[in-house]
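Enquirer: Going letter by letter, the sequence shown gives residues 7 to 236 in our numbering. I have a structure I would like to understand better, so I am pasting it below and will then ask my questions one at a time.
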Amino acid sequence: MKSDARYPSHIAIIMDGNGRWAKNRHMPRSLGHREGVKTIDRIADAVFSRGIGYLTLFAFSTENWGRPESEVSGLLGLFKKYLKKNIPILTRKNISLNVLGDVSVLDEETVALVSDAYEKTHGLGGGVLNICFNYGGRAEIVRAVNSLSGKTEITEQDISEVLYTGGMPDPDIIVRTGGEHRISNFLLYQSAYSEIYFVDTLWPDFSEAELDKIIADYSATDRRFGKISE
Ligand code: FPP
Numbered sequence: 007m008k009s010d011a012r013y014p015s016h017i018a019i020i021m022d023g024n025g026r027w028a029k030n031r032h033m034p035r036s037l038g039h040r041e042g043v044k045t046i047d048r049i050a051d052a053v054f055s056r057g058i059g060y061l062t063l064f065a066f067s068t069e070n071w072g073r074p075e076s077e078v079s080g081l082l083g084l085f086k087k088y089l090k091k092n093i094p095i096l097t098r099k100n101i102s103l104n105v106l107g108d109v110s111v112l113d114e115e116t117v118a119l120v121s122d123a124y125e126k127t128h129g130l131g132g133g134v135l136n137i138c139f140n141y142g143g144r145a146e147i148v149r150a151v152n153s154l155s156g157k158t159e160i161t162e163q164d165i166s167e168v169l170y171t172g173g174m175p176d177p178d179i180i181v182r183t184g185g186e187h188r189i190s191n192f193l194l195y196q197s198a199y200s201e202i203y204f205v206d207t208l209w210p211d212f213s214e215a216e217l218d219k220i221i222a223d224y225s226a227t228d229r230r231f232g233k234i235s236e
């Protein structure tokens, strides 16, 4: 893995626009989500083959339960299918797969698949793929603070360590596809110094070329972390 400070080690993505992609083609939204899963496979391969160690994807937010029941069950079904198919594939590719979020509310089979993913792929050295599912940034911070209750003199580092991303670098880059300019409760604590890229492309159409453009732009950016350039 590259460790050049100008090269990102962690990219996080808000994968927005599946519904509009389908609507533009007069298809049901579920087909947009299915196409979105194909983009996950493509972009994950691209990220890891470029020597970037961490990819974090926002797949289902704590707010997404408010969508129509048929769409929610479609997304839960796609997630289960994704795990079944990809645990062996990612194991072969040497990629660790983590699910970040409160998965305890999901069905038993999905919970077992999430544990299986962790057990089979934990510590593999080829990269880390985090799928955020039933994830919300505020809920993550509340959970972290509760886990530290009783501790005095809590430091920023203490909080970082008990977030779902504990032990991982903060995202250098956050990408949101689909044209909206919002962070939507994603990685609130970890994004303090992330470079944020909003692109109009709908997630199913997001390409390796666009990823490369973002990485190149990031590499040319002077990250000052609140200081001034030297
Ligand atoms: C937003 O599109 C997309 C999501 C709800 C999250 C992304 C989900 C996937 C790529 C598929 C499921 C993921 C896994 C890991 C199986 P939208 O529906 O909000 O699009 P719109 O803004 O055009 O309506």
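For each residue, glycine too, the CB sits at the ideal point set by N, CA and C.
Would you call the stretch 185-203 in contact with the stretch 13-23, where contact means no fewer than 3 C-beta pairs closer than 8 Å?
Expert: The stretch 185-203, when compared against the stretch 13-23, does touch it at the 8 Å Cβ threshold.
Enquirer: Tell me, please, whether the stretch 85-105 touches the stretch 125-135 by the rule of three or more beta-carbon pairs shorter than 8 Å.
Expert: Touching, yes.
Enquirer: Taking contact to mean at least 3 C-beta pairs separated by less than 8 Å, is the stretch 148-159 in contact with the stretch 113-122?
Expert: No, the stretch 148-159 does not touch the stretch 113-122.
Enquirer: Considering only DSSP beta bridges, list what L103 is partnered with.
Expert: Start at 1 with the first residue of the sequence shown, and residue 103 comes out as number 97. For L103, which the question treats as bridged, DSSP gives the partners L135.
Enquirer: Assign S110 to buried or exposed, taking buried as 16 or more other Cβ atoms, counted over all protein chains shown, within 10 Å of its Cβ.
Expert: Position 104 of the sequence shown holds residue 110. S110 should be labelled exposed.
Enquirer: Drop a sphere of 10 angstroms on the beta-carbon of I46, count the other beta-carbons inside from all chains shown, and report buried for 16 or more, exposed for fewer.
Expert: Numbered from its first residue, the sequence shown carries residue 46 at position 40. By the neighbour-count rule (16 or more Cβ atoms within 10 Å), I46 is buried.
Enquirer: How would you call H16, buried or exposed, if buried means at least 16 neighbouring beta carbons within 10 angstroms?
Expert: The residue you call residue 16 lines up with position 10 of the sequence shown. H16 is buried by the Cβ-count criterion.
Enquirer: For the stretch 33-47 against the stretch 200-211, do three or more pairs of beta-carbon atoms, one drawn from each stretch, fall closer than 8 Å, so that the two count as touching?
Expert: These segments touch.
Enquirer: What's the C-alpha gap between A226 and T62?
Expert: Locating residue 226 in the sequence shown gives position 220, counting from the first residue. Locating residue 62 in the sequence shown gives position 56, counting from the first residue. Approximately 22 Å, taken between the alpha carbons.
Enquirer: With I137 and A65 assumed to form a contact (beta carbons below 8 Å), what rounded beta-carbon distance in angstroms separates them?
Expert: For this step, residue 137 is matched to residue 131 along the sequence shown. For this step, residue 65 is matched to residue 59 along the sequence shown. Yes, they are in contact, since the Cβ atoms of I137 and A65 sit about 5 Å apart, within 8 Å.
Enquirer: What runs of the beta strand (DSSP E), each 3 residues or longer, lie entirely inside the stretch 133-177?
Expert: Listed in chain order, the complete beta strand (DSSP E) runs (minimum 3 residues) inside the stretch 133-177 are 134-141.
Enquirer: Identify the continuous beta strand (DSSP E) that holds H32 and give its terminal residues.
Expert: Residue 32 sits at position 26 when you count from the first residue of the sequence shown. Premise fails: H32 is in no beta strand (DSSP E) and is neither H nor E.
Enquirer: Could you spell out the range, first to last residue, of the beta strand (DSSP E) harbouring E201?
Expert: Sequence index remark: in the sequence shown, residue 201 carries index 195 (1-based). It spans 201-204 - the beta strand (DSSP E) in which E201 sits, taken as one unbroken run.
Enquirer: Any heavy atom of the ligand FPP closer than 8 Å to the CB of H39?
Expert: Counted from its first residue, the sequence shown places residue 39 at position 33. Yes; taking the cut-off as 8 Å, the Cβ of H39 has a heavy atom of the ligand FPP nearer than that.
Enquirer: Using only CA atoms, which one of I202, A52, I234, G107 lies nearest to E69?
Expert: Position 63 of the sequence shown, counted from the start, is the residue given in the question as residue 69. That would be G107, whose Cα lies nearest to the Cα of E69.
Enquirer: Among residues of its own chain, excluding the 5 on either side of T116, which ones have a beta-carbon nearer than 8 Å to its beta-carbon?
Expert: Taking the first residue of the sequence shown as position 1, residue 116 is located at position 110. L82, F85, K86, L89, V109, listed in sequence order.
Enquirer: Label G25 either buried or exposed according to how many other C-beta atoms from any shown protein chain fall within 10 Å of its C-beta, with 16 as the threshold for buried.
Expert: Taking the first residue of the sequence shown as 1, we reach residue 25 at position 19. Classification for G25: buried.
Enquirer: Using CA coordinates, which residue listed in L169, G131, L130, I165 is at the minimum distance from Y141?
Expert: On the sequence shown, position 135 is the one that residue 141 refers to. Nearest option by C-alpha distance: L169.
Enquirer: Between the Cα of R144 and those of G185, P34, P175, S67, spot the shortest distance and give me the residue it belongs to.
Expert: Taking the first residue of the sequence shown as position 1, residue 144 is located at position 138. Among G185, P34, P175, S67, the Cα nearest to that of R144 belongs to S67.
Enquirer: Quick one: does the C-beta of M21 sit closer than 8 Å to a heavy atom of the ligand FPP?
Expert: Your numbering for residue 21 matches position 15 in the sequence shown. Correct: M21 has its Cβ closer than 8 Å to the ligand FPP.
Enquirer: Between G59 and G172, is the Cβ-Cβ spacing less than 9 Å?
Expert: Here the question's residue 59 lines up with position 53 in the sequence shown. Here the question's residue 172 lines up with position 166 in the sequence shown. Against a cut-off of 9 Å, the Cβ pair of G172 and G59 comes out as no contact.
Enquirer: Any idea what DSSP makes of S190, helix, strand or coil?
Expert: One-based indexing of the sequence shown puts residue 190 at position 184. The answer is coil: DSSP assigns S190 none of H, G, I, E or B.
Enquirer: Have a look at R188, P34, G131, N30 and flag the residue whose alpha-carbon is nearest the alpha-carbon of P74.
Expert: Reading the sequence shown from its first residue, position 68 is the one you call residue 74. P74 has its Cα closest to that of P34, out of R188, P34, G131, N30.
Enquirer: Counting only the same chain and skipping the five closest in sequence on each side, list residues whose C-beta sits under 7 Å from that of G131.
Expert: Position 125 of the sequence shown, counted from the start, is the residue given in the question as residue 131. Hits under 7 Å: N100.
Enquirer: Flag this pair as yes or no: are the beta carbons of S36 and S76 separated by less than 9 Å?
Expert: Position 30 of the sequence shown holds residue 36. Position 70 of the sequence shown holds residue 76. Going by C-beta atoms, S36 is nearer than 9 Å to S76.
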